[in-house]
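Colleague: Right, I'll just put the structure down here and ask away after.
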């Protein structure tokens, strides 16, 4: 992977991390002003919790990718040690597995 590719991916990861941190802040719990809307606020709170969990997971994945960039092991499959393809990393910069290992893992999870 070229230095240019790594720089492009780092920039994208940092931009996404900033966006997610902002999104996480926007999801903070709001106070309840009207008791008649309690049920809808409870439903909204459940949705916000799910979204917050998704955002937190994405933040962790991006932070892991940035640490891997710093350690110079970014782009190496955690399963087999082979290089993860540039196209895959551009499509999913947080990928930890090469296509073959990811496919194998998904097949095992599906019971094949």
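Numbering (UniProt numbering), first residue to last: 1 to 112. Beta carbons: idealized from backbone N, C-alpha and C, even for Gly. Given the structure is predicted, the values throughout are model-derived calculations rather than measurements.
Residues in its own chain within less than 8 Å of residue 102 by CB, not counting five upstream and five downstream?
Modeller: Within the chain shown, numbered from 1, the residue matching residue 102 stands at position 102. Counting only Cβ-Cβ distances below 8 Å, and skipping sequence neighbours, we find 95.
Colleague: Would residue 21 pass as a contact of residue 59 if the rule is Cβ separation under 9 Å?
Modeller: Taking the first residue of the chain shown as 1, we reach residue 21 at position 21. Taking the first residue of the chain shown as 1, we reach residue 59 at position 59. The answer is yes: Cβ separation under 9 Å.
Colleague: Straight-line CA distance for residue 57 to residue 70?
Modeller: Walking along the chain shown from the start, residue 57 turns up at place 57. Walking along the chain shown from the start, residue 70 turns up at place 70. The straight-line gap from Cα to Cα measures roughly 20 Å.
Colleague: Less than 8 Å between the CB atoms is what I'm expecting for residue 85 and residue 99, so what's the real figure, rounded?
Modeller: Start at 1 with the first residue of the chain shown, and residue 85 comes out as number 85. Start at 1 with the first residue of the chain shown, and residue 99 comes out as number 99. Right, the Cβ-Cβ distance comes to about 7 Å (below 8 Å), so this counts as a contact.
Colleague: Mind reading off the beta-carbon distance from residue 78 to residue 66? Whole number of angstroms is fine, and I expect it under 8 Å.
Modeller: Position 78 of the chain shown, counted from the start, is the residue given in the question as residue 78. Position 66 of the chain shown, counted from the start, is the residue given in the question as residue 66. No, residue 78 and residue 66 are not in contact; Cβ-Cβ is about 16 Å, not under 8 Å.
Colleague: Are there 16 or more other CB atoms within 10 angstroms of the CB of residue 106, so buried, or fewer, so exposed?
Modeller: On the chain shown, residue 106 is found 106 positions in, with the first residue counted as 1. By the neighbour-count rule (16 or more Cβ atoms within 10 Å), residue 106 is not buried but exposed.
Colleague: Among residues of its own chain, excluding the 5 on either side of residue 132, which ones have a beta-carbon nearer than 8 Å to its beta-carbon?
Modeller: Residue 132 falls outside the range modelled here, since the chain spans only 1 to 112, and no answer is possible.
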